[in-house]
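Working notes, structure below.
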Amino acid sequence: MPEKNYRETSRRGGTLWLLQRVSAVVIFVLLMIHYVTYHFIGDGTITYDKITAKMASPWFNLTQILFLVTALFHGLNGIWMVTEDYIHQRAPRLLLASILIILGLLLLYGGTSTVLNAGYPGRVSQ
Amino acid sequence: MKESIIVKILRYQPEKDQKPHWQTYRLDVPADSTILDILNEIHWNHDGTLAYRRSCRSAICGSCAMKVNGQNVLACETPMHKFRGNRLKIEPLPGFPIIKDLVVDMDGFFDKLQRVKPYMVVDKPIPDKEFLQSPEEFSRIRESAYCILCGACTSSCPSLWANENYLGPAALLKAYRFIFDSRDDGTDERLDIINDRNGLWRCHTIFNCMEACPKHIDITGCISRLKNRVVDNSL
């Protein structure tokens, strides 16, 4: 019987594992910022105008984009880790990784353009 | 005092069975029986064809790990009263190929153990008497050295059920036992072996291994410390 292949090619397991934990901490902090700024600063009621006014601030937008990047990475990397348990052949793994990366980039583009465009005074509906 | 119990056992006789099937036994056994006592009662007085592994009946040889009412336990140290209702469901360890009845093929398990070099690797000169180790140094590996290699942990791991090439908790615990041993010099080599997608990184801290371990070893904690060690080394 041929020797079973316990060793595989990828050495990125450790990096992804660490990044998953780091992104979890970052998401927690950003989520708190998000939550507090939306729900507790001011009188706590959310209106479209208040949100768009807030989103005109570049600092606020920076936290939102960082939130988007880390949340996308954390979620898609989580899906990757789960599928790593079940999919062992090279070709389907490559296909899945490509789909996850492309999906991530598309969602990143969509989310970023929403964050950046929403704050412009011209887009605020009265 | 005797009690009436109903025992369902997953039987598989390779010479006549296509696949495993359940067989039910109704017995009167002493109330303080262990699972092993019950198996012995069946084997000696009711059905001599039942196959199972046993040796020390003192929870030290690691032969009689099996799944009872959904939990991986050592048959010899587990009283039947751990389970309520006088009904027992006994199966071989999950995740391993069945050879016959409750006897599973542990070859893959021991192959994986060999992978992590489960012995002292020494580069430094051998001292006249022995390698000295302080109580603090020993306390880091004491618990991990309690492992009796029964396979209950590895067999209970969902990551292993999904991927038969995963090293599994027992082999990783053995790696821990030597990596954190102050007398051993094989750390880098072993870290390199377990830093693999079929090694450390298939552990998702599910904690089944800790629930299954008859020696109550903090296996998940040890694997987590190994992960930290690998990441620390690569930073």
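Protein chains in written order, with numbering that gives the first Met the number 0: chain C, 0 to 125; chain R, 0 to 234. Quick reminder that beta carbons are idealized off the backbone N, C-alpha and C, glycines included.
Please classify residue i as buried or exposed, where buried requires at least 16 neighbouring CB atoms within 10 angstroms.
| i | result |
| --- | --- |
| C/T8 | With a pLDDT of 48 at C/T8, under the threshold of 50, the modelled position of this residue cannot be trusted; read the value that follows with caution. By the neighbour-count rule (16 or more Cβ atoms within 10 Å), C/T8 is not buried but exposed. |
| R/P96 | exposed |
| R/K66 | buried |
| R/K226 | buried |
| C/M0 | In this predicted model, C/M0 has a pLDDT of only 37, less than 50, meaning its place in the structure is not dependable; the value taken from the coordinates is given anyway. Burial call: exposed. |
| R/K173 | buried |
| C/T113 | exposed |
| R/S143 | buried |
| R/S158 | buried |
| C/W58 | exposed |
| R/N39 | buried |
| R/W200 | buried |
| R/P134 | exposed |
| C/S124 | Here C/S124 scores only 47 on pLDDT, less than 50, and its place in the model should not be relied on; the value that follows carries that caveat. Exposed, since its Cβ has fewer than 16 Cβ neighbours within 10 Å. |
| C/E83 | buried |
| R/N232 | exposed |
| R/P213 | buried |
| R/D16 | exposed |
| R/Y175 | buried |
| R/D106 | exposed |
| R/A169 | buried |
| R/P124 | exposed |
| C/V35 | exposed |
| R/F137 | exposed |
So the candidates are the options; which of them puts its Cα closest to the Cα of residue i?
| i | options | result |
| --- | --- | --- |
| C/Y108 | C/M31, C/L71, C/F27, C/G77 | C/L71 |
| C/G13 | R/H203, R/L38, R/E142 | R/H203 |
| R/I4 | R/A211, R/D217, R/K99, R/D36 | R/D36 |
| R/M209 | R/R201, R/I147, R/G220 | R/G220 |
| C/I86 | R/E163, R/P213, R/I59, R/C156 | R/E163 |
| C/L104 | C/I64, C/I45, C/T82, C/V35 | C/I64 |
| R/R114 | R/F177, R/M0, R/D231, R/P213 | R/F177 |
| R/G94 | R/W160, R/R224, R/V230 | R/W160 |
| R/E129 | R/S57, R/I218, R/R182 | R/R182 |
| R/I140 | R/I222, R/C156, R/C63, R/V103 | R/I222 |
| R/F206 | R/G198, R/C149, R/I216 | R/I216 |
| C/L61 | C/L18, C/D48, C/H33 | C/H33 |
| R/I34 | R/M119, R/K88, R/K116 | R/K88 |
| R/M119 | R/F82, R/G185, R/D191 | R/G185 |
| C/G106 | C/L17, C/P91, C/A90, C/F66 | In the sequence as displayed, the identity of residue 106 of chain C is Leu instead of Gly. Looking at the Cα atoms, C/F66 is the closest of the given residues. |
| C/I101 | C/N76, C/M80, C/L115 | C/N76 |
| R/P78 | R/C63, R/A170, R/M105, R/A30 | R/A30 |
| R/Q12 | R/N194, R/A151, R/V103, R/F109 | R/V103 |
| R/L171 | R/K81, R/G198, R/N71 | R/G198 |
Can you find a heavy atom of the ligand MG that lies under 6 Å from the Cβ of residue i?
| i | result |
| --- | --- |
| C/R92 | Ligands displayed in this structure: none; no statement on the ligand MG is therefore possible. |
To the nearest angstrom, report how far apart residue i and residue j are at their CA atoms.
| i | j | result |
| --- | --- | --- |
| R/K111 | C/V25 | 37 Å |
| R/L73 | R/P91 | 11 Å |
| C/V68 | R/A50 | 57 Å |
| R/C55 | R/D187 | 36 Å |
| R/R25 | R/R86 | 10 Å |
| R/V121 | R/G61 | 28 Å |
| R/P19 | R/G69 | 17 Å |
| R/K1 | R/S32 | 9 Å |
| C/F39 | C/I45 | 10 Å |
| C/L93 | R/V28 | 57 Å |
| C/M31 | C/S56 | 18 Å |
| C/Q88 | R/T48 | 41 Å |
| R/D180 | R/G167 | 20 Å |
| C/G41 | C/V28 | 20 Å |
| R/Y165 | R/D100 | 25 Å |
| R/L190 | C/I98 | 32 Å |
| R/W21 | R/L9 | 5 Å |
| C/Y5 | C/I50 | Any reading at C/Y5 is ruled out, since the residue's pLDDT is 49, under 50, leaving its predicted position unreliable. |
| R/K7 | R/T23 | 4 Å |
| R/C152 | C/D48 | 57 Å |
| R/A58 | C/S22 | 43 Å |
| C/H73 | R/S155 | 27 Å |
| C/V81 | R/D46 | 44 Å |
| R/M44 | R/I218 | Checking the sequence, you will find Asn at residue 44 of chain R rather than Met. Approximately 39 Å, taken between the alpha carbons. |
| C/A96 | R/L234 | 25 Å |
Please give me, in chain order, every unbroken run of the beta strand (DSSP E) with length at least 3 that falls completely inside the segment 12-61 of chain R. 20-29
Just by C-beta distance, which residues in the segment 198-216 of chain R are closer than 9 Å to chain C? G198, L199, W200, R201, H203
Contained alpha helix (DSSP H) runs [length at least 4] in the segment 32-113 of chain C, N- to C-terminal order: 47-53, 57-85
Residues, ordered as in the chain, of the segment 64-98 of chain C that lie near chain R by beta-carbon distance below 7 Å: E83, D84, Y85, H87
Under 7 Å, CB to CB, which of the residues in the segment 156-178 of chain R have a partner in chain C? S158, A161, N162, N164, L166
In the segment 13-27 of chain C, which residues sit with their C-beta less than 7 Å from some C-beta in chain R, listed in chain order? G13, W16, L17
Taking only runs that begin and end inside the segment 191-216 of chain R, name each unbroken alpha helix (DSSP H) of 4 or more residues, in chain order. 207-211
Counting only Cβ-Cβ distances shorter than 9 Å, please list the residues of the segment 183-198 of chain R near chain C, keeping chain order. I192, N194, D195, R196, N197, G198
Going residue by residue through the segment 78-116 of chain R, where are the continuous beta strand (DSSP E) segments of at least 3 residues, counting only ones entirely within it? 86-90, 97-99
Residues from the segment 222-233 of chain R in contact with chain C, defined by Cβ distance under 7 Å: K226, V229, V230, S233
Run through the segment 144-194 of chain R for me and flag every whole alpha helix (DSSP H) of 4 or more residues, listed as ranges in chain order. 151-155, 157-161, 168-178, 186-193
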